[in-house]
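Participant: Below is a structure I'd like to ask you about.
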Amino acid sequence: MPVAAPDATRPSVLHLDLDAFFAAVEQRDKPSLRGKPVVVGGTGWRGVVATASYEARAYGIGSAMPTMEARRRCHNAAFLAGRFAAYRTVSQQVMALAHELSPLVEQVSLDEAYVDLTPTHPGLDVAEVSRVAEEFRARVRAVTGLTVSVGAGPSKLVAKIASDLRKPDALVVVPPAEQHALLGPLPVRRLPGVGAVTGERLTRVGIRTVADLAAADEAELVRMVGRAHGTGLLAYARAVDPRPVVPERDAKSVSAEETFAVDLTDRRELAERARRMVDRVAVRLAAGGVSGRTVTVKLRRYDFTTLNRSRTLAQPTAAPREIAAAALALLEGIDVADGVRLLGVGVSGLTEYTQQDLLAELDEPAAGDADPAPGAEPEQTAGQQAEVGGVLPLGSAVPYGPPAPPRSAWSPGQDVAHDEHGPGWVQGSGVGRVTVRFEGPHTPAGRIHTFADDDPALHPAPPPRW
Ligand SMILES: [Mg+2]
Numbered sequence: 001m002p003v004a005a006p007d008a009t010r011p012s013v014l015h016l017d018l019d020a021f022f023a024a025v026e027q028r029d030k031p032s033l034r035g036k037p038v039v040v041g042g043t044g045w046r047g048v049v050a051t052a053s054y055e056a057r058a059y060g061i062g063s064a065m066p067t068m069e070a071r072r073r074c075h076n077a078a079f080l081a082g083r084f085a086a087y088r089t090v091s092q093q094v095m096a097l098a099h100e101l102s103p104l105v106e107q108v109s110l111d112e113a114y115v116d117l118t119p120t121h122p123g124l125d126v127a128e129v130s131r132v133a134e135e136f137r138a139r140v141r142a143v144t145g146l147t148v149s150v151g152a153g154p155s156k157l158v159a160k161i162a163s164d165l166r167k168p169d170a171l172v173v174v175p176p177a178e179q180h181a182l183l184g185p186l187p188v189r190r191l192p193g194v195g196a197v198t199g200e201r202l203t204r205v206g207i208r209t210v211a212d213l214a215a216a217d218e219a220e221l222v223r224m225v226g227r228a229h230g231t232g233l234l235a236y237a238r239a240v241d242p243r244p245v246v247p248e249r250d251a252k253s254v255s256a257e258e259t260f261a262v263d264l265t266d267r268r269e270l271a272e273r274a275r276r277m278v279d280r281v282a283v284r285l286a287a288g289g290v291s292g293r294t295v296t297v298k299l300r301r302y303d304f305t306t307l308n309r310s311r312t313l314a315q316p317t318a319a320p321r322e323i324a325a326a327a328l329a330l331l332e333g334i335d336v337a338d339g340v341r342l343l344g345v346g347v348s349g350l351t352e353y354t355q356q357d358l359l360a361e362l363d364e365p366a367a368g369d370a371d372p373a374p375g376a377e378p379e380q381t382a383g384q385q386a387e388v389g390g391v392l393p394l395g396s397a398v399p400y401g402p403p404a405p406p407r408s409a410w411s412p413g414q415d416v417a418h419d420e421h422g423p424g425w426v427q428g429s430g431v432g433r434v435t436v437r438f439e440g441p442h443t444p445a446g447r448i449h450t451f452a453d454d455d456p457a458l459h460p461a462p463p464p465r466w
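Residues in the sequence shown are numbered from 1 upward in steps of one, following UniProt numbering.
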């Protein structure tokens with residue numbers, strides 16, 4: 001399939017994004033949780049939120065927030081460890097439906113994809129794309145029981161912003177003639193590549209909206225944020241985005257990086273920043289259902305020279321602890337005495353995750369303080385090919401932080417079956433007991449029973465069928 005820039009004269013690019021995906025699957029399969037705050041993610045001390053239901057978002061809970069903080073904000077929420085097999089099944093169903101629209105489907109994560117309709121709908125107009133997208137949304141609902149928001153526009157940039165505009169359960173079509181009116185009033189932070197640091201720099205010179213940025217002087221912008229970044233941002237602000245929809249996902253890495261307001265020389269500070277980036281990378285690996293073998297640390301010095309150091313692990317991993325061990329070992333080997341301007345951590349060599357208990361890995365302790373400071377959000381660059389420097393075999397991971405606390409054999413949210421009571425899910429466990437709620441996607445809200453956690457009549461079970 002040829003890979004070409006989308007037809008910028010028509011709204012032929014779709015961005016599909018399932019609404020509150022992991023949490024929505026949980027509410028679908030667990031009737032007692034419908035309409036209630038649900039948080040999916042790491043449930044331990046160092047756990048991180050992967051997805052919050054809309055009811056939980058009303059308490060200010062969002063992705064990548066420490067689970068402890070989420071508990072503080074809403075202790076009544078259901079905190080679930082996640083059921084990866086169930087999420088993958090739904091993802092495959094939705095991607096299969098997307099492939100019925102066009103062969104040009106670029107899957108971005110388990111619950112997000114771009115579709116370029118040009119091959120199957122050449123010359124399409126607003127009415128046609130609306131019909132195609134609404135049919136798709138209806139089919140997703142029928143096949144999976146879930147809602148998907150869709151944005152349509154002349155580019156990936158516009159389609160992505162459109163899909164987010166009226167979430168959940170919405171379709172927004174942006175014809176080329178209206179894209180400037182849509183983008184103009186948005187805050188610059190809404191553009192890909194504008195993180196906290198760049199956003200602040202732009203605000204300082206009075207650039208707050210996309211329209212401000214579009215009118216900015218290119219030379220000045222390049223002076224502020226660098227040539228590659230500056231010209232790219234300016235193009236986005238002017239709604240110029242020729243990125244093609246690439247069917248097989250070429251991008252094989254996930255990374256996070258941060259530019260510091262003041263050059264850093266303190267190793268402990270750099271290590272702490274690296275750990276936080278690792279946590280964010282791990283959340284995104286989990287969201288994409290992938291793990292990777294190569295860990296890369298990128299570091300830009302005060303004089304703008306840039307180093308990349310990589311290490312290839314024996315096995316692919318998505319575990320923050322293993323990624324952090326490799327990243328910190330790489331960082332140890334770099335001279336930072338003269339000051340570090342930018343630090344990044346990436347994982348590449350990605351493969352589909354196979355371990356079922358994916359989200360539990362977000363629980364692994366990442367050592368250091370347990371109080372990640374707010375702010376200092378990295379600018380995340382999804383899907384860029386990481387430069388790989390020397391590849392070193394890593395025989396054994398560097399010991400790092402305290403060992404993981406022992407976990408119960410039963411994880412909250414897990415599917416189970418009881419010989420007498422039938423299918424249900426684990427609501428909680430501890431002190432030798434496990435509480436199970438017996439219900440399924442097509443039953444009314446069910447009753448709970450408590451058992452000894454080694455009750456021979458209780459078994460792990462596959463996800464229920466929708
Ligand atoms: Mg989503």
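Heads up, the beta-carbon is just placed ideally off N, CA and C, and yes, glycines get one too.
None of the values given here were measured: they were computed from a predicted structure.
Under 5 angstroms, CB to any heavy atom of ligand 1. Which residues pass, going along the chain?
Facilitator: D17, L18, F21, D111
Participant: Ligand 3 and V254: does the residue's C-beta get closer than 6 angstroms to at least one heavy atom of that ligand?
Facilitator: What this structure holds is ligand 1, not ligand 3.
Participant: Would you be able to state if there are at least three C-beta pairs under 8 angstroms between the segment 322-340 and the segment 295-310?
Facilitator: Contact between the segment 295-310 and the segment 322-340 is established, with three or more Cβ pairs separated by less than 8 angstroms.
Participant: Less than 7 angstroms between the C-beta atoms of residue 486 and V39, yes or no?
Facilitator: Given that the chain is displayed from residue 1 to residue 466, the structure contains no residue 486 and the question cannot be resolved.
Participant: Between which residues of its own chain and A5 is the CB-CB distance below 8 angstroms, once the five residues before and five after are set aside?
Facilitator: Locating residue 5 in the sequence shown gives position 5, counting from the first residue. Counting only Cβ-Cβ distances below 8 angstroms, and skipping sequence neighbours, we find P242, R243, P244.
Participant: Compute the beta-carbon to beta-carbon distance between V150 and P11, rounded to the nearest angstrom, for a pair I have assumed lies under 8 angstroms.
Facilitator: Translated into positions along the sequence shown, residue 150 becomes position 150. Translated into positions along the sequence shown, residue 11 becomes position 11. Actually they are not in contact, since the Cβ atoms of V150 and P11 sit about 11 angstroms apart, beyond 8 angstroms.
Participant: Count the other CB atoms, across all protein chains shown, that sit within 10 Å of the CB of T317; report buried if there are 16 or more and exposed otherwise.
Facilitator: Here residue 317 refers to the residue found at position 317 of the sequence shown. Classification for T317: buried.
Participant: Once the 5 residues before and after A445 are set aside, which same chain residues still bring their CB inside 7 angstroms of it?
Facilitator: Here the question's residue 445 lines up with position 445 in the sequence shown. Contacts found: P31, S32, E439.
Participant: If you draw a straight line from the alpha carbon of G199 to that of L307, how long is it in whole angstroms?
Facilitator: Reading the sequence shown from its first residue, position 199 is the one you call residue 199. Reading the sequence shown from its first residue, position 307 is the one you call residue 307. Distance between the alpha carbons of G199 and L307: 25 angstroms.
Participant: DSSP puts F438 in a beta bridge; with which residues?
Facilitator: By 1-based counting over the sequence shown, the position of residue 438 is 438. Paired residues: R447.
Participant: If you check the beta carbons only, do A77 and P37 fall under 7 angstroms apart?
Facilitator: The residue given as residue 77 occupies position 77 in the sequence shown. The residue given as residue 37 occupies position 37 in the sequence shown. Contact flag set, yes.
Participant: Given this structure, state the Cα-to-Cα distance separating D303 from V126, to the nearest angstrom.
Facilitator: One-based indexing of the sequence shown puts residue 303 at position 303. One-based indexing of the sequence shown puts residue 126 at position 126. Going from the Cα of D303 to the Cα of V126 covers about 50 angstroms.
Participant: Does the beta-carbon of S462 have 16 or more other beta-carbons within 10 angstroms, so that it is buried, or is it exposed?
Facilitator: For the purposes of this step, residue 462 is taken as the residue at position 462 of the sequence shown. Residue identity differs from the one stated: residue 462 is Pro in this sequence, not Ser. Its Cβ having fewer than 16 others within 10 Å, P462 is exposed.
Participant: With a threshold of 16 other CB atoms inside 10 Å of the CB of Q107, please say whether the residue is buried or exposed.
Facilitator: Against the sequence shown, residue 107 aligns to sequence position 107. Classification of Q107: buried, given that the 10 Å Cβ count is 16 or more.
Participant: Grouping DSSP H, G and I as helix and E and B as strand, with all else coil, what is D263?
Facilitator: Along the sequence shown, one-based indexing puts residue 263 at 263. Looking at D263 - three-state DSSP - the assignment turns out to be strand.
Participant: If distances are taken between C-alpha atoms only, which option among V347, R238, H459, D453 comes closest to A8?
Facilitator: Within the sequence shown, residue 8 is the residue found at index 8, counting from 1. Nearest option by C-alpha distance: R238.
Participant: 7 angstroms is my cut-off, CB to CB: does E332 come that close to chain C?
Facilitator: Looking at the structure shown, chain C is missing, and only one protein chain is on hand.
Participant: In the segment 32-58, which residue ranges form an unbroken beta strand (DSSP E) of at least 3 residues, counting only runs that do not cross its ends?
Facilitator: Counting only runs of 3 or more, we get 38-41, 49-52.
Participant: Short of 6 angstroms in beta carbon distance, which residues of its chain neighbour R293, apart from the five on each side in sequence? Order them along the chain.
Facilitator: To locate residue 293, count along the sequence shown from 1; it is residue 293. If you ignore the 5 residues before and after R293, its C-beta comes within less than 6 angstroms of the C-beta of T312, L313, P316, G349, all in its own chain and listed in chain order.
Participant: Note the first and the last residue of the continuous beta strand (DSSP E) segment covering Y236.
Facilitator: In the sequence shown, the residue the question calls residue 236 occupies position 236. Premise fails: Y236 lies in the alpha helix (DSSP H), 227-237, not in any beta strand (DSSP E).
Participant: Alpha carbon to alpha carbon, what distance is there between M95 and F451?
Facilitator: As a working note, residue 451 is residue 451 in the sequence shown. As a working note, residue 95 is residue 95 in the sequence shown. Distance between the alpha carbons of F451 and M95 is about 39 angstroms.
Participant: Buried or exposed for T305, please, with buried defined as at least 16 other CB atoms from any protein chain shown within 10 angstroms of its CB.
Facilitator: Position 305 of the sequence shown holds residue 305. Classification of T305: exposed, given that the 10 Å Cβ count is below 16.
Participant: Give the straight-line distance between the Cα atoms of V254 and H418, rounded to the nearest whole angstrom.
Facilitator: Residue 254 sits at position 254 when you count from the first residue of the sequence shown. Residue 418 sits at position 418 when you count from the first residue of the sequence shown. Rounded to the nearest whole angstrom, the C-alpha separation of V254 and H418 is 40 angstroms.
Participant: Which of helix, strand or coil does DSSP assign to F79?
Facilitator: The residue labelled residue 79 in the question sits at position 79 within the sequence shown. Strand, per DSSP.
Participant: For I207, is the classification buried or exposed, using 16 other Cβ atoms within 10 angstroms of its Cβ as the cut-off for buried?
Facilitator: Taking the first residue of the sequence shown as position 1, residue 207 is located at position 207. It counts as buried.
Participant: What does DSSP give as the partner residues of T209 in its beta bridges?
Facilitator: What you label residue 209 is simply residue 209 of the sequence shown in a count that begins at 1. BP columns for T209 point to P187.
Participant: Can you find the residues in the same chain that come closer than 7 angstroms, C-beta to C-beta, to P464, ignoring five residues on each side of it along the sequence?
Facilitator: As a first step, residue 464 must be located in the sequence shown, where it is residue number 464. These residues qualify, in order along the chain: D29, D415, P423, G440, P441.
Participant: Taking all protein chains shown into account, do 16 or more other C-beta atoms lie within 10 angstroms of the C-beta of I161, making it buried, or fewer, making it exposed?
Facilitator: Your numbering for residue 161 matches position 161 in the sequence shown. Flag for I161 reads buried.
Participant: What are the start and end residues of each continuous beta strand (DSSP E) run of 3 or more residues lying completely inside the segment 273-338, in chain order?
Facilitator: Fully enclosed beta strand (DSSP E) runs of 3 or longer: 290-301, 306-317.
Participant: Based on DSSP bridge pairs, tell me the residues matched to R433.
Facilitator: Along the sequence shown, read from residue 1 onward, the residue named residue 433 stands at position 433. Answer by DSSP bridge pairing, in chain order: G430, A452.
Participant: With H, G and I counted as helix, E and B as strand and the rest as coil, what does DSSP make of P176?
Facilitator: Indexing the sequence shown from 1 puts residue 176 at position 176. Helix.
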